[in-house]
Amino acid sequence: MADSSFDIVSKFDKQEIANAVNSASKEIATRYDFKNVGASVDLAGDVIKMKANTEERCLAVLDVVQTHLVKRKVSLKHLDVPEAGPRLSGKEYHLDVPLKEGISQENAKKINKLIRDEGPKGVKSQIQGDELRVSSKSRDDLQAVQRMLREADLDVALSFTNQR
527 MADSSFDIVS KFDKQEIANA VNSASKEIAT RYDFKNVGAS VDLAGDVIKM KANTEERCLA
587 VLDVVQTHLV KRKVSLKHLD VPEAGPRLSG KEYHLDVPLK EGISQENAKK INKLIRDEGP
647 KGVKSQIQGD ELRVSSKSRD DLQAVQRMLR EADLDVALSF TNQR
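Taking this note's numbering, the leading residue of the sequence shown gets 527, the next gets one more, and so forth.
(1) Buried or exposed: where does residue 591 fall if 16 or more other Cβ atoms within 10 Å of its Cβ makes it buried?
(2) Out of 626, 618 and 679, which one is the CA nearest neighbour of residue 539?
(3) Using the rule of at least 16 other Cβ atoms within 10 Å of the residue's Cβ for burial, across every protein chain shown, is residue 555 buried or exposed?
(4) Grouping DSSP H, G and I as helix and E and B as strand, with all else coil, what is residue 590?
(5) Could you pull the start and end residues of the beta strand (DSSP E) that residue 671 belongs to?
(6) So, with DSSP's three-state summary, where would you put residue 570?
(7) Is it buried or exposed for residue 619, if we count other Cβ within 10 angstroms and need 16 for buried?
(8) Is the beta carbon of residue 616 less than 8 Å from the beta carbon of residue 536?
(9) I'd like to confirm the pairing. Which residues does DSSP put opposite residue 686 in its beta bridges?
(10) Counting pairs of Cβ atoms below 8 Å between the region 668 to 684 and the region 597 to 607, do you hit three or more?
(11) How many Å lie between residue 679 and residue 633 at the Cα?
(12) Residue 578 and residue 564 look like a contact to me (Cβ under 8 Å); what is the Cβ gap, rounded to whole Å?
(13) Would you mind working out which of 621, 631, 667 and 656 sits nearest residue 642, comparing C-alpha positions?
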């Protein structure tokens, strides 16, 4: 019998993110606490751009966007929120949050080591660019690996694709 396998990837649905940003933008336009503060949010490529007239309002816009992303089941681990926070540009505060996609080499090695150390015996994993391929003779072992990775506290959003 051939080995069963699946791929571990870190990808997001661009349409879901666009929908979340659009609904957050509508909420910001209608909410009373955002009146006359110049608050706005839009998606430019793979960057969510937010602006408001105070730093606190800019962070409140980020909170609204995060809420809408969670409602659409998009992991917040895809957001690369800058440590410095909003930056002053003229009379407005701007916050650009890039979206992260793909598994970095460092995280791939961590996941690989986790599977080797704590996963069932007979499960093999190999790094292939920005994703990992996990294979085993037993599908139950593969499901155990998926369960283990979902419970692990990793700083990257994982999804499982290409299951054979």
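Glycine included, each C-beta is placed from N, C-alpha and C at the ideal position. The model shown is predicted, which means the values in this text are computed figures rather than measured ones.
With the structure as the only source:
(1) buried
(2) 626
(3) With fewer than 16 other Cβ atoms from the protein chains shown falling within 10 Å of its own Cβ, residue 555 counts as exposed.
(4) helix
(5) From DSSP, residue 671 is part of no beta strand (DSSP E) but of the alpha helix (DSSP H) over 665 to 677.
(6) strand
(7) Counting the other Cβ atoms within 10 Å of the Cβ of residue 619 gives 16 or more, which makes it buried.
(8) No; because the gap between Cβ atoms is not below 8 Å, this pair is not in contact.
(9) 534
(10) yes
(11) 12 Å
(12) 6 Å
(13) Ranking 621, 631, 667 and 656 by Cα distance to residue 642 puts 667 first.
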